[in-house]
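Engineer: One structure, pasted below without further comment.
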Amino acid sequence: MAPSFLFSQFMGGLTTAMFLFLIASGLSLVFGIMRVINFAHGSFYMIGAYLAWQMVQWVHPAGAGFWIAALFAASGVAVMGAVIERLFFRSLYGREELYQLLFTYALVLILGDAAKFVWGTQQLSVSTPPVLAGSVQIFGSTQPLYSLFMIALGPAIAFGGWLVLNRSGVGRMVRAAQMDREMLDALGANVGTIYTGMFVFSSFLAGLSGALVTPIQSIVPGMDVLIIVQAFIVVVIGGMGSFWGTFWGSVIYGEVLSFGILIFPGFSLFSVFALMAVILIVRPWGLFGRPL
Amino acid sequence: MRLRHHLGLLLAAAASLPFAASAEDSIKIGFPIPLSGPTAVYGEPILKGAEMAVAEINAKGGVLGRKLELLSRDSKASADEAVRLSRELIIKDNVDFLAGTLTSAEAPAVSTVAKENKIVFIAPTAKSMILTDAAHIHPYIFRIASNTDVEGLAGATLMAKFQEVKSVATIAPDYAYGRDAAAAFIAALKKIRPDIQVVDQQWPKLGEPDFTAFINAQMSKKPDAIYCSLFAGDFVTFTKQATPLGYFKAINYRLIDGGEIGTPDEAQALGADYPYGVIANAYDPVIWNGAEPPEHKKFIEDLKVFAKAQYASGWSIVGYEAIYALAAGINKAGDTKSDDVSKALAGLSFDTPVGKRSFSVQSHETFAPEYWGVTAKDPSYPFATIKDPQALPTSFPTN
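Going down the list, the protein sequences come from chains A and B.
Offset between the first sequence (1-based) and this note's numbering: plus 366.
Offset between the second sequence (1-based) and this note's numbering: plus 2.
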């Protein structure tokens, strides 16, 4: 096998990984800090994609308004997240997982139908912003500029997130809320605001990833459910609630998928699910997680 | 006061009686079809086509003097759900016939229900061979769409015309339809052009969000041309990821796709990002960039009004044909007993907006050709259209 081909495959896997990381990191954060498994996270991602498409139609259908659209979509989903957290999630904290699962699943159905009602069932598409539409030659392989942009953005967000969580006052509060909610409450900190803030941030990431995925994927009903399954696999591999775990989980998922089809061309998903099964047996709390 | 209230209710009930009576008298057709989830993209236009056929037939006085009544249900593209709905339609709603379903998972499942209950079932779109092959055929199943053998032969015929092509690769969704279509294409190509090598086959799953790995792997084998069975949202995603990787340029746009990517439905979604120059097909090209049959022109004009759409869908025609085929069968049989209608349908010719079709006596197939051609920019439309659509294959070993 030519080295340029292996490099292409590697970069392709990395691009997949960075998209998954953007989505899964929000899911993992909310679980890690609030102990809520948000099944509707994929729906937030889908709404982000639709909002981005809508904004592009309004601003400039040829794609020039893409960045404004992405920001608009991410902010829109963040606002939606704030409303949903304040109105509904609030009463779920500390409840049994079953209630959370039922509620967030109901949210999946409601948001799915709402999106269908507003945007219909037709597949939609957004053009790549002209700046990133081309490709460059690296080591004799063709690399789309948009992939390179994603590969740069992923680690930047991971590092930024880590910096905020571990090196700032806000991060200290968040980590304290994760460790002992009641104690922090007793010390006079406003845990409710911290939770809302985290949920909004997680929604923002979901909306942003939904918007950023539109230049390379079609927007269709059902993309919410598809992505949530992949995001869960990533989080399971990396470890629930671990930020870096989610990052490396995504990289492993992307690369295993990318190289897996070279080994088992007829079973494209086999490698990923096999990996998840092995990790669940050997290390059920994930590669970077802690035993619960 | 109270009495008057009751009186009002009674009057309302009495007023609704004549309608109830006419509904009792109508010929009921159960129509399970995906109306939610990703495949609702096709379910809805197919249902629209069927509804328009029912409206047209009823406006002309119905069939055997009775109105047609369509009972549509959301099958969610699931075989289990389609089966459950079909049983419910038969037992609770007393439907006389079944039509509908979308995928090659739903249709064979509903076909078994039709067989058990001895009720005629007309499948508009499912293409998999197992629907009507020797092991699964029964008196009550009929198919409107092309099947994968017909589609593969058409694809191979077009591929064979590329004299310079020495190697091909396939990419198809990993389920019954994709597997059957790729196999049929290769089998037909081996007969027409035995000199062409098949160098690679990729099987992304249905609804795959990321084709990059498959695209790179395929490009590394350096095929001269591609036979592709990706369709709808999958083809949109695939194109957006393949274009920046130089995939279409590397094969000089010699890609033949059998997944109805020549419909305005698909072309509109991609707009300027469409890989102009690839060879596409459609049940109905809708925008007929060539010699258009006059019946087709009228059909599309009516459909645009009926569906309130700027451009009509390329999928409505199969739903429309299914209802007209059934109506022709009932007319010929002279009653609505499925046993009689089934006998009437076998070998029956019926009119469609794109010419006559007839059900084979043995396999209950129409062996319908589809419309194929090179996709091109048409200045009157902001999306790709098929240039001079040809019905292919021109002949097929029917049985």
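Yeah, the Cβ is synthetic: ideal placement off N, Cα and C, and Gly gets one too.
1. Looking only at C-alpha atoms, which of B/A215, B/E303, B/F233 and B/D267 sits nearest to A/F630?
2. Using DSSP bridges, identify the partner residues of A/I585.
3. Taking the Cβ atom as the reference point for each residue, do B/Y276 and B/A109 lie within a distance shorter than 8 Å?
4. Is the Cβ of A/S493 closer than 8 Å to any Cβ of chain B?
5. Of all the CB atoms in chain A, is at least one closer than 8 Å to the CB of B/R4?
6. Under a CB-based cut-off of 8 Å, is B/T387 close to chain A?
7. How would you list, in chain order, the residues of chain A whose beta-carbon sits under 8 Å from the beta-carbon of B/L272?
8. Is there a Cβ from chain A that is less than 8 Å from the Cβ of B/A14?
9. Given that a residue counts as buried once 16 or more other Cβ atoms are within 10 Å of its Cβ, and exposed if not, what is A/S534?
10. Using DSSP with H/G/I as helix, E/B as strand and the rest coil, what is B/I146?
11. How should B/T396 be labelled, buried or exposed, when 16 other C-beta atoms within 10 angstroms of its C-beta is the threshold for buried?
12. Identify the continuous beta strand (DSSP E) that holds B/V170 and give its terminal residues.
13. Tell me the rounded alpha-carbon separation between B/L11 and B/L37.
14. Would you say the stretch 51 to 67 of chain B touches the stretch 644 to 656 of chain A, given that touching needs at least three Cβ pairs under 8 Å?
15. Can you say whether A/P496 is buried or exposed, counting buried as having 16 or more other CB atoms within 10 angstroms of its CB?
16. Note down the Cα distance separating B/T377 from A/V530, rounded to an integer number of angstroms.
17. Assuming B/P259 is part of the alpha helix (DSSP H), what are its boundary residues?
18. Looking only at C-alpha atoms, which of B/L272, B/F213 and B/G154 sits nearest to B/Y249?
19. Can you confirm whether the stretch 67 to 81 of chain B touches the stretch 141 to 157 of chain B when touching is taken to mean that 3 or more C-beta pairs between the two stretches lie within less than 8 Å?
20. For A/A368, return the contacting residues in chain B, with the cut-off set at a CB-CB distance below 9 Å.
21. Ordered along the chain, which non-local residues of its own chain (more than five positions away) have a Cβ less than 7 Å from that of B/A23?
22. A/A368 and A/T580 - do their beta-carbons sit closer together than 8 Å?
23. Please state whether DSSP places B/A25 in a helix, a strand or coil.
24. Mark B/A227 as exposed unless 16 or more other C-beta atoms lie within 10 angstroms of its C-beta, in which case mark it buried.
25. If we ignore side chains and look at the alpha-carbon of each, how far apart do B/A147 and B/L104 end up?
26. Apart from the five residues on each side of it in sequence, which residues of its chain come closer than 7 Å, Cβ to Cβ, to B/K242?
27. Please compile the residues from chain A whose C-beta is within a distance smaller than 9 Å of the C-beta of B/D1.
28. Would you kindly check if the distance between the Cβ of A/S568 and the Cβ of A/Y411 is under 8 Å?
29. Looking only at its own chain, which residues have a Cβ that is under 7 Å from the Cβ of B/I302, when we skip the five neighbours before and after it?
30. Measure how close the beta-carbons of A/S374 and A/S507 come, nearest whole angstrom, since I'm counting them as under 8 Å.
31. Is the CB-CB distance between A/F387 and A/G520 below 8 Å?
32. Decide if A/T494 is buried, meaning its Cβ has at least 16 other Cβ atoms within 10 Å, or exposed.
33. Under 7 Å: does the beta carbon of B/A42 sit that close to some heavy atom of the ligand NAD?
34. Against chain A, which members of the stretch 221 to 242 of chain B pass a CB distance test of less than 7 Å?
35. To which residues does DSSP link B/T134 through a beta bridge?
36. Please state the DSSP three-state secondary structure of B/F352.
Structural biologist: For this structure:
1. Residue 630 of chain A sits at position 264 when you count from the first residue of the first sequence. Closest by alpha carbon: B/A215.
2. Counted from its first residue, the first sequence places residue 585 of chain A at position 219. Note: A/I585 sits in a beta bridge opposite A/L490.
3. Here residue 276 of chain B is taken as the residue at index 274 of the second sequence, counted from 1. Here residue 109 of chain B is taken as the residue at index 107 of the second sequence, counted from 1. No, these two residues do not count as a Cβ contact at 8 Å.
4. Residue 493 of chain A sits at position 127 when you count from the first residue of the first sequence. Interface residue (Cβ-Cβ distance to chain B less than 8 Å): A/S493 is classified as such.
5. Translated into the one-based positions of the second sequence, residue 4 of chain B becomes position 2. Low local confidence applies: a pLDDT of 46 at B/R4 is under 50, so the model's placement there is unreliable, and no value is given.
6. Position 385 of the second sequence, counted from the start, is the residue given in the question as residue 387 of chain B. Output row for B/T387: interface = no.
7. Position 270 of the second sequence, counting from 1, holds the residue named residue 272 of chain B. Per Cβ cutoff of 8 Å: S491.
8. Taking the second sequence and counting its residues from 1, one reaches residue 14 of chain B at position 12. Because the pLDDT of B/A14 is 46, which lies under 50, any placement of that residue in the model is unreliable, and the number read from its coordinates should be weighed accordingly. No, B/A14 lies away from the interface with chain A (no Cβ there is under 8 Å from its Cβ).
9. The residue given as residue 534 of chain A occupies position 168 in the first sequence. By the 10 Å Cβ count, A/S534 comes out exposed.
10. Counting from 1 along the second sequence, the entry for residue 146 of chain B is found at position 144. Here B/I146 sits in coil by DSSP.
11. The sequence position of residue 396 of chain B within the second sequence is 394, counting from 1. When all chains shown are included, B/T396 counts as exposed.
12. By 1-based counting over the second sequence, the position of residue 170 of chain B is 168. From DSSP, the beta strand (DSSP E) with B/V170 extends over S169 to I173.
13. Residue 11 of chain B sits at position 9 when you count from the first residue of the second sequence. Residue 37 of chain B sits at position 35 when you count from the first residue of the second sequence. Reliability fails at B/L11, whose pLDDT of 45 lies under 50, so the model's placement of it is uncertain and no value is given.
14. no
15. Translated into the one-based positions of the first sequence, residue 496 of chain A becomes position 130. With fewer than 16 other Cβ atoms within 10 Å, it is exposed.
16. Reading the second sequence from its first residue, position 375 is the one you call residue 377 of chain B. Reading the first sequence from its first residue, position 164 is the one you call residue 530 of chain A. In this structure, the CA atom of B/T377 is about 51 Å from the CA atom of A/V530.
17. Counted from its first residue, the second sequence places residue 259 of chain B at position 257. The sequence shown places Asp at residue 259 of chain B, rather than the Pro named in the question. Where B/D259 is concerned, there is no enclosing alpha helix (DSSP H), although the beta strand (DSSP E) around it starts and stops at L257 to D259.
18. In the second sequence, counting from the first residue as 1, residue 249 of chain B sits at position 247. The shortest Cα separation from B/Y249 among B/L272, B/F213 and B/G154 belongs to B/F213.
19. no
20. Along the first sequence, one-based indexing puts residue 368 of chain A at 2. Residues of chain B whose Cβ lies closer than 9 Å to the Cβ of A/A368 are, in chain order, S222.
21. Walking along the second sequence from the start, residue 23 of chain B turns up at place 21. The predicted position of B/A23 is uncertain, since its pLDDT is 41 and thus under 50; no value can be drawn from it.
22. Counted from its first residue, the first sequence places residue 580 of chain A at position 214. Counted from its first residue, the first sequence places residue 368 of chain A at position 2. Inclusion of A/T580 and A/A368 in the CB contact set at 8 Å is not warranted, their separation being larger than that value.
23. For the purposes of this step, residue 25 of chain B is identified with residue 23 of the second sequence, where counting begins at 1. Residue confidence is low: B/A25 scores 49 on pLDDT, short of 50, so the model does not pin down where it sits. Its coordinate-derived value is still stated next. Of the three classes helix, strand and coil, the one that applies to B/A25 here is helix, per DSSP.
24. Residue 227 of chain B sits at position 225 when you count from the first residue of the second sequence. It is buried - the Cβ of B/A227 has at least 16 other Cβ atoms within 10 Å.
25. Locating residue 147 of chain B in the second sequence gives position 145, counting from the first residue. Locating residue 104 of chain B in the second sequence gives position 102, counting from the first residue. Straight-line spacing of the CA atoms in B/A147 and B/L104 works out to 11 Å.
26. For the purposes of this step, residue 242 of chain B is taken as the residue at position 240 of the second sequence. Here the set comprises D275.
27. Not covered by the structure: residue 1 of chain B. The range shown for chain B is 3 to 401.
28. Counted from its first residue, the first sequence places residue 411 of chain A at position 45. Counted from its first residue, the first sequence places residue 568 of chain A at position 202. Contact: no.
29. Start at 1 with the first residue of the second sequence, and residue 302 of chain B comes out as number 300. Hits under 7 Å: V288 and A314.
30. Translated into the one-based positions of the first sequence, residue 374 of chain A becomes position 8. Translated into the one-based positions of the first sequence, residue 507 of chain A becomes position 141. Correct: roughly 4 Å between the Cβ atoms.
31. The residue you call residue 387 of chain A lines up with position 21 of the first sequence. The residue you call residue 520 of chain A lines up with position 154 of the first sequence. Yes.
32. What you label residue 494 of chain A is simply residue 128 of the first sequence in a count that begins at 1. The residue in question, A/T494, is buried, as its Cβ has 16 or more Cβ neighbours within 10 Å.
33. No copy of the ligand NAD occurs in the structure displayed, which carries no ligand at all.
34. Correct list: S222, A234, G235, V238, T239 and K242.
35. What you label residue 134 of chain B is simply residue 132 of the second sequence in a count that begins at 1. Partner(s): none; B/T134 has no beta bridge.
36. To locate residue 352 of chain B, count along the second sequence from 1; it is residue 350. In the structure shown, B/F352 sits in a strand (DSSP, three-state: E or B).
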